[in-house]
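Chemist: Residue numbers (our numbering), protein chains in the order written: chain A, 4 to 443; chain B, 4 to 443; chain C, 4 to 443; chain D, 4 to 443.
Below you'll find the structure I mean.
Protein chains: 4
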Amino acid sequence: MKNSVQPAEGKLGILIPGLGAVATTLIAGVVAVNKGLAEPIGALTQMGNIRIGKRTENNYPKIKDFVPLAHLKDIVFGGWDVYSDNVYEAAVHAKVLEKDLLNNVKEELEAIVPMTAAFDKDYAKNLDGEHVKTGTRLELAQQLMADIENFKAQHGLDRVVLLWCGSTEIYFEESDVHQTLEKFEAGLAADDKLISPSMLYAYAALKLGVPFANGAPNLTVDIPAMVELSKLTETPIAGKDFKTGQTLMKTILAPGLAARSLGVKGWFSTNILGNRDGWVLDDPDNFKTKEVSKLSVLEEIFQPELNPELYGELYHKVRINYYPPHGDNKESWDNIDIFGWLGYQMQIKINFLCRDSILAAPVGLDLALFSDLAKRAGMSGIQEWLSFYLKSPQAAPGLRPEHDIFKQLMKLQNTLRHMMGEDLITHLGLDYYQDLVESL
Amino acid sequence: MKNSVQPAEGKLGILIPGLGAVATTLIAGVVAVNKGLAEPIGALTQMGNIRIGKRTENNYPKIKDFVPLAHLKDIVFGGWDVYSDNVYEAAVHAKVLEKDLLNNVKEELEAIVPMTAAFDKDYAKNLDGEHVKTGTRLELAQQLMADIENFKAQHGLDRVVLLWCGSTEIYFEESDVHQTLEKFEAGLAADDKLISPSMLYAYAALKLGVPFANGAPNLTVDIPAMVELSKLTETPIAGKDFKTGQTLMKTILAPGLAARSLGVKGWFSTNILGNRDGWVLDDPDNFKTKEVSKLSVLEEIFQPELNPELYGELYHKVRINYYPPHGDNKESWDNIDIFGWLGYQMQIKINFLCRDSILAAPVGLDLALFSDLAKRAGMSGIQEWLSFYLKSPQAAPGLRPEHDIFKQLMKLQNTLRHMMGEDLITHLGLDYYQDLVESL
Amino acid sequence: MKNSVQPAEGKLGILIPGLGAVATTLIAGVVAVNKGLAEPIGALTQMGNIRIGKRTENNYPKIKDFVPLAHLKDIVFGGWDVYSDNVYEAAVHAKVLEKDLLNNVKEELEAIVPMTAAFDKDYAKNLDGEHVKTGTRLELAQQLMADIENFKAQHGLDRVVLLWCGSTEIYFEESDVHQTLEKFEAGLAADDKLISPSMLYAYAALKLGVPFANGAPNLTVDIPAMVELSKLTETPIAGKDFKTGQTLMKTILAPGLAARSLGVKGWFSTNILGNRDGWVLDDPDNFKTKEVSKLSVLEEIFQPELNPELYGELYHKVRINYYPPHGDNKESWDNIDIFGWLGYQMQIKINFLCRDSILAAPVGLDLALFSDLAKRAGMSGIQEWLSFYLKSPQAAPGLRPEHDIFKQLMKLQNTLRHMMGEDLITHLGLDYYQDLVESL
Amino acid sequence: MKNSVQPAEGKLGILIPGLGAVATTLIAGVVAVNKGLAEPIGALTQMGNIRIGKRTENNYPKIKDFVPLAHLKDIVFGGWDVYSDNVYEAAVHAKVLEKDLLNNVKEELEAIVPMTAAFDKDYAKNLDGEHVKTGTRLELAQQLMADIENFKAQHGLDRVVLLWCGSTEIYFEESDVHQTLEKFEAGLAADDKLISPSMLYAYAALKLGVPFANGAPNLTVDIPAMVELSKLTETPIAGKDFKTGQTLMKTILAPGLAARSLGVKGWFSTNILGNRDGWVLDDPDNFKTKEVSKLSVLEEIFQPELNPELYGELYHKVRINYYPPHGDNKESWDNIDIFGWLGYQMQIKINFLCRDSILAAPVGLDLALFSDLAKRAGMSGIQEWLSFYLKSPQAAPGLRPEHDIFKQLMKLQNTLRHMMGEDLITHLGLDYYQDLVESL
């Protein structure tokens, strides 16, 4: 197969619903990188290498030199928020980045002013924004489409992607209105309460052929109506929930234990954090939603139905505690009770002193750039190869989502190789031992 | 390709030089498993599954049902030691397994009495064994070959493998006598001091076409003469140093950090253990050998030459401390200083309360069974697909050894699939999203 | 003052309401110690020394040689429980001690059979015992008094103490019936629901002049009516809640930070445990009671009203999580955010892998033996010098309870010295530097 | 006794040999506090309270309001160093305090320029200073005395104290020249190599009646000649080695374990730090000196000779590792193996993310201010009540040093009470329970 990916010419707009801690850290960072003040650490699209060909060829180009990604200098940021603070003000408020750094990018950040948001207080009771649009759901979606097109025209953009960085919406499940595009559009016209604000953004984007990636655990593009629309307009979608912190560690460590057939009897995970996210999740009802999502990770990796002796009794508990002294510096502590040969028990304790938005920002950047790449590669619908970045990755109906970060990485890298017409890598490597190959 | 692996008929002898803590834990465990008293947790050959075909086929057979491995009931253990204790006595002395369990397998363990060892005190100054052979190096090698053949005849064995579980020998580097089989055999005849005891065992085994796996960091089969011999007699070799404990954790976690392009500024690893291994390694000279081996792991995984901004400044320090209160319960503590987006720093602390021999025993079992499988599959020389189990995996000249445990696992699993004529897995998976494939 | 403590002649009965994990660990331990099978580690009365006189005299007798305590061989155990299991059966069920040890004391433990309990399901909804007494509260109290006197006569005891090791009762506050002895006795006669089962045991004991110590956080002897009765019958009382595990560590560490005027901004404490206690406390309502008690510790030690700059903003959070994989092996993890010179921040993390009943048993023993000593020393009412052992120590009206374990230890030791007519110790020590003293 | 302490009138000079990380952090901090920019957290003299009288009196004055201490505004700093950097430059170089803070006190710090140091490279091989005095030992001592008197005159000071914050000198033991003042002075005249530079400073200070406190583990004032001189000139001395970090934690926790008669089987302490101190101590020879001092702490607290069953087998190991990624942010990890009732084992792990100079600076301030107070109170020679601040406290011949931080605190507080004519506190407190007292 030959590479038929369109080049990344012109400017790329990244439009973000929710200009809070993660979004402002991302935007300030890209500006700082473009000014040579800092490095985009944590972004595979900027720092990562990919092996091409045999090991003996020693060919490990940067990913950004291997596939045609948009350059950071060609990105224009914009977004919507229920508060009217510009990005500089919002970044100062978020207390993630140091004053020194923010002062160096103040002018650029002040220039980014949010558009009014499509909002419904019933989906986020703890928010009180007044910087909002009015109208029925259909009208709101139309206003959002107009926002996107105006932004594109105003900045002379070639392409746009949408990256949801807004708050977690309340928990609810799919219903009839979400099953087909036709029903969904009827719902919009009828101002159906079961259509959430995040769905309005997704609908507006997909309708215009603009890729959409979802950084929160909301039900948004993971409904049949959206998958249908994404195929119709040939647009990539990716969801959901940025994979950072404790869950990132879990999807690194659990595959390692499973690789060695070590049993796991218990996994206790606790978190302390003091930002708004922590405050919201300290409430048992809100936490329940997050808990459901977080708990599934281990089950998918360990597959207890295949290994009941090893994982059948696994007791998994996740706790999140609001703890103001730590601010955005989320800290996790895990105790893992494992057992080995003949059932003898061992313990692993992991204490991760992390920073929430610092881990999330490059994930957001990669999702935006790879979604844009996918669009130019003619890929549409669910992008399973982006599971690497997501806590609850979306998969085709009938497929178990893949949580093992190393399988996710293989998938991502082989997809890039496939896209560019290079040989896939299997790590078989028997060819380096020629006589062996002959003997087989 | 069609599967042409010979079936595992008849009995398999596992002969072990060094019947200490690891070997006795392995032997007692296999007996206990055969009696239905315990489970062989941690052994991929016994507990592991392998995916065959597409995900939608949902076909995950046990590895032992997929490839023709020797059954545990067909294994006969034997070995050599510088002490004359039988395996029951040695197991009691090692204090790894509980009395209750050992009493249940006492009869079987007492029946396994070590043969006299080939020994040279200059290679292990802290050992004083008197249960040893006498003669020149050539005579010792001949006696070992006779031991192997007698053991095989006496127990009616079909096949044999050798698994080195003896002590770490002193540090030394390759010299001329190790370069070709001819020079090596001349050295044997000349009783050349540069040929270590472990090399005598390896030579005896390979000469007879018996696979050899090396659980210690000694220079043994990783010399050109042995590679040459292994090809000549069509015998698999695997080395070296069982991957357990802190290094196991390191080769799980480091690939996870690298996957996300997170920078690492420092990695401090300390260990406390109170068994004989700890006592030996508390000496700065002995530790130096181990240190060299342990330090390379991170460099191979992070490839600082490709990612100087992320790993160029990595300060890696490994310490091992003799601490009698812990006995065989090795405990490690790691502090890892990482940095993410824009260089912001985070920390990870890992405290692993592990058990040395419990982690090593199933690794020894798997190496023995897979080496026997490789022999029957007609594979000879270096078995890179067994790197998964080894701290310092041997690779073809000109190839970097692979330390990333997830690439090692892919290599192992795809080798098994390849051996059995099944499709390799790449995790690409675009075929599940048919329209995507068409669009590419 | 001269020592006027009565000698510890004859036998001492220790009667325990609640023969569960703590009580059976205590009883089995004393039997094992008497048989020379183990040591009574953790019991100050058995292992502790006390300095007498000047440091230069080098006189540090064992406490048991300094004050006239009952000998372990003179103790006879008995008790009540809502289940009819004998102490051996209950100990096996509790899974704290190893089978080997229990088998060695089986005969003695089997001989201890609980008397029927005074019980009211409304005070412990999770218990379903049927081994209970019937009657009004007054009748129950009278039956308990008869139990005590029968037990004393039957075993030829000289003295008896009661040690509450039963479950935590539901939370409730003092009301009118608890204010005076007269009202309390009227309440008994009227079968007043506000009198809890534990109060019936305390009343029966105190009425007979038998000391009572409370190992649970129940409202029991810390009501005015009981204090009045204890003075009337010249009987010592001590309450409440055995100080073990995380709270023990907290009352060790917090005084150390306060000693150095180090500020504390946050203290997050989490616990995982899998015994019945953990299961009960996993319920938010039950946990609330425990939480109130646990949170007060830091406030009393740091006295934020005196040091608002250091402790005024302290955010203290305590969590208990039911985690079955750990059984009775309670584990705690604390994160403490401190600040020093100029407000610079530091962190302390403490991970305590403890055993609940192993820490509690010797505390129970000491409380019983010291209560008996106090009785013989003519001390009655609240024994503040026993605060050392208690999470919520009882103090005279108008006095803040003392939580600092080192002040509690000074109080305990100086009380013993005072009791025996020895000089109190102030650690002034200027007399060792004679010229200094003259100069002052 | 009536208070006869002289008031703290006029100005106090604090002269510091060694203007490195600790000294500059102390000086910058006092300036910042005087400007209202920060708080002197960690300094008992500034933040601490002391209870006076009975608990019911609720009288807890600040220590600085209870005893007549010099005010921070009356302090003038000066010092000596082998480098000529002023205090601002040295503080920037030390990387302890943030730039923002240093900029706010730049002018004051730049004004403090070191005097030339008395130096002998043989006592500190890793230092290469050229800002040094020349002459015989006697001449150097005379020059230091002149420095002190000139500094006093120049700044119109009422009183001066010397606080050693210089490097650790090489290890050596007392010899004949250190035994009496006469021999010492003969040694000075003979330029005896066995007299170390720090002794020259101490001699100069004491000769002038200026108190001397030693923050390093050097042999300095803890020789008979210096004790003799301090009594002769009625001058207080205090030594040695600021108690901070891991040792501080150890002297908090160990007394807590001992208080409860819990056994300790092992205590493993490791440290990672990246400042110059860490680099020096990474050398096995230099570390040996530090190790000896650090190891004694536990022995003195646990007194294994009194409690062989509890502490007779204690295996104590201390490691210091140079780890540049952490800079001045020293981090310690301790594993403590304890055992309780019947010998059952438990573990405590402590991870302290501390800051070396932040903990040391207020200790230096307190030692200086309390030494000045002692001088005005007419106290001379060894100040055992200042053991609270020292890792290796000096005690009268024949007395064991007191390492338990809580006994040290009692000693300090009761000394202050004694000095001011207040009742000592014993924590007996039986008087609050009047009837009890009568009964005794």
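Ideal Cβ positions, reconstructed from N, Cα and C, are used throughout, including at glycine.
Predicted model only: the values in this text are computed from it and were never measured.
Please report the distance separating the alpha-carbon of residue 274 (chain D) from that of residue 270 (chain B).
Modeler: Spanning the two alpha carbons is a distance of roughly 14 Å.
Chemist: Which partner residues does residue 212 (chain B) have in the DSSP bridge list?
Modeler: Its beta-bridge partners do not exist; DSSP assigns none.
Chemist: Report the partner residues of residue 445 (chain B) according to the DSSP bridge assignment.
Modeler: Residue 445 (chain B) lies beyond the stretch modelled for chain B, which goes from 4 to 443, so this question has no answer here.
Chemist: Using a Cβ-Cβ cut-off of less than 7 Å, list which residues of the region 337-355 of chain B approach chain D; keep chain order.
Modeler: If the cut-off is 7 Å between Cβ atoms, the region 337-355 of chain B has 338, 340, 352, 354 near chain D.
Chemist: Cβ of residue 198 (chain C) less than 7 Å from any chain D Cβ?
Modeler: No, residue 198 (chain C) does not count as interfacial toward chain D.
Chemist: In whole angstroms, what separates the C-alpha of residue 62 (chain B) from that of residue 411 (chain B)?
Modeler: Approximately 22 Å between the Cα atoms of the pair.
Chemist: For residue 324 (chain C), return the contacting residues in chain A, with the cut-off set at a CB-CB distance below 9 Å.
Modeler: Chain A residues near residue 324 (chain C): 271, 273, 320, 322.
Chemist: Kindly indicate which three-state DSSP category residue 241 (chain B) falls into: helix, strand or coil?
Modeler: If DSSP states are grouped into helix, strand and coil, residue 241 (chain B) belongs with the strands.
Chemist: Just how far apart, CA to CA, sit residue 302 (chain C) and residue 339 (chain C)?
Modeler: Distance between the alpha carbons of residue 302 (chain C) and residue 339 (chain C): 15 Å.
Chemist: For a contact meaning CB atoms closer than 9 Å, what does residue 227 (chain D) contact in chain C?
Modeler: Correct list: empty, because the minimum Cβ distance to chain C is about 15 Å.
Chemist: Pick out whichever of B:33, B:50, B:177 has its Cα sitting closest to the Cα of residue 107 (chain B).
Modeler: Looking at the Cα atoms, B:33 is the closest of the given residues.
Chemist: Just grab the DSSP bridge partners of residue 140 (chain D) for me.
Modeler: In DSSP, residue 140 (chain D) forms no bridge with anything.
Chemist: Within a Cβ cutoff of 8 Å, which residues of the same chain sit near residue 382 (chain A), ignoring the five residues on either side of it in sequence?
Modeler: These residues qualify, in order along the chain: 239.
Chemist: List the residues of chain D whose Cβ lies closer than 8 Å to the Cβ of residue 96 (chain C), in chain order.
Modeler: Within chain D, no residue comes near residue 96 (chain C); the closest Cβ sits about 18 Å away, beyond 8 Å.
Chemist: Nearest to residue 358 (chain C) by alpha carbon, out of C:378, C:249, C:422?
Modeler: Of the listed residues, the one whose Cα sits closest to residue 358 (chain C) is C:249.
Chemist: Against residue 268 (chain C), what residues of chain A qualify as contacts under a CB-to-CB distance less than 8 Å, listed in chain order?
Modeler: Result: 328.
Chemist: Just to check my reading of the structure: residue 332 (chain A) and residue 317 (chain A) have Cβ atoms closer than 8 Å, yes? What is that Cβ distance to the nearest angstrom?
Modeler: 29 Å between Cβ atoms; not a contact.
Chemist: Residue 228 (chain C) and residue 370 (chain C) - do their beta-carbons sit closer together than 7 Å?
Modeler: Cβ atoms of residue 370 (chain C) and residue 228 (chain C): not closer than 7 Å.
Chemist: Using a 10 Å radius around the Cβ and a threshold of 16 neighbouring Cβ atoms, would you call residue 25 (chain A) buried or exposed?
Modeler: Classification for residue 25 (chain A): buried.
Chemist: Exposed or buried, which one is residue 179 (chain B) when buried takes at least 16 other CB atoms within 10 Å?
Modeler: By the 10 Å Cβ count, residue 179 (chain B) comes out exposed.
Chemist: Based on the DSSP secondary-structure assignment, which residues constitute the bridge partners of residue 266 (chain D)?
Modeler: DSSP output for residue 266 (chain D) lists D:342 as bridge partner(s).
Chemist: Run down chain C in chain order and give the residues with a C-beta less than 8 Å from the C-beta of residue 385 (chain D).
Modeler: Residues of chain C passing the Cβ test: 436.
Chemist: Roughly how many angstroms separate the alpha carbons of residue 17 (chain B) and residue 78 (chain B), rounded to a whole number?
Modeler: Looking at the two C-alpha atoms, the distance is approximately 7 Å.
Chemist: Of all Cβ atoms in chain D, is any one closer than 7 Å to the Cβ of residue 67 (chain C)?
Modeler: No, its Cβ sits nowhere closer than 7 Å to a Cβ of chain D.
Chemist: Going along chain B, which residues have a C-beta under 8 Å from residue 334 (chain D)?
Modeler: In chain order: 338.
Chemist: In the DSSP assignment, find the alpha helix (DSSP H) that holds residue 280 (chain D) and state where it starts and stops.
Modeler: Element bounds for residue 280 (chain D): 279-284.
Chemist: Within 10 angstroms of its Cβ, does residue 172 (chain D) collect 16 or more other Cβ (buried), or is it exposed?
Modeler: It counts as buried.
Chemist: What whole-angstrom Cβ distance do residue 195 (chain A) and residue 14 (chain A) have, given they're in contact under 8 Å?
Modeler: So it is not a contact: roughly 36 Å between Cβ atoms.
Chemist: I need the boundaries of the beta strand (DSSP E) containing residue 84 (chain D), first residue and last residue.
Modeler: 78-84 is the span of the beta strand (DSSP E), which, as asked, contains residue 84 (chain D).
Chemist: Does the distance from the CB of residue 31 (chain B) to the CB of residue 94 (chain B) come in under 7 Å?
Modeler: In contact: residue 31 (chain B) and residue 94 (chain B) (Cβ atoms closer than 7 Å).
Chemist: Kindly indicate which three-state DSSP category residue 54 (chain B) falls into: helix, strand or coil?
Modeler: Looking at residue 54 (chain B) - three-state DSSP - the assignment turns out to be coil, as it is neither helix nor strand.
Chemist: Given residue 379 (chain C), which residues of its chain have a CB within under 6 Å of its CB, disregarding the five upstream and five downstream residues?
Modeler: The residues are 8, 9.
Chemist: So what's residue 248 (chain B) in DSSP terms, helix, strand or just coil?
Modeler: Correct three-state label for residue 248 (chain B): helix.
Chemist: Are there three or more Cβ pairs, one per stretch, closer than 8 Å when the region 68-87 of chain B is compared with the region 110-123 of chain B?
Modeler: Touching, per the Cβ criterion.
Chemist: Would you tell me roughly how many angstroms separate the C-alpha atoms of residue 170 (chain A) and residue 343 (chain B), rounded to the nearest one?
Modeler: Roughly 23 Å separates the two Cα atoms.
Chemist: What does the Cβ neighbour count give for residue 159 (chain B), buried or exposed, with the cut at 16 atoms within 10 Å?
Modeler: Residue 159 (chain B) is exposed by the Cβ-count criterion.
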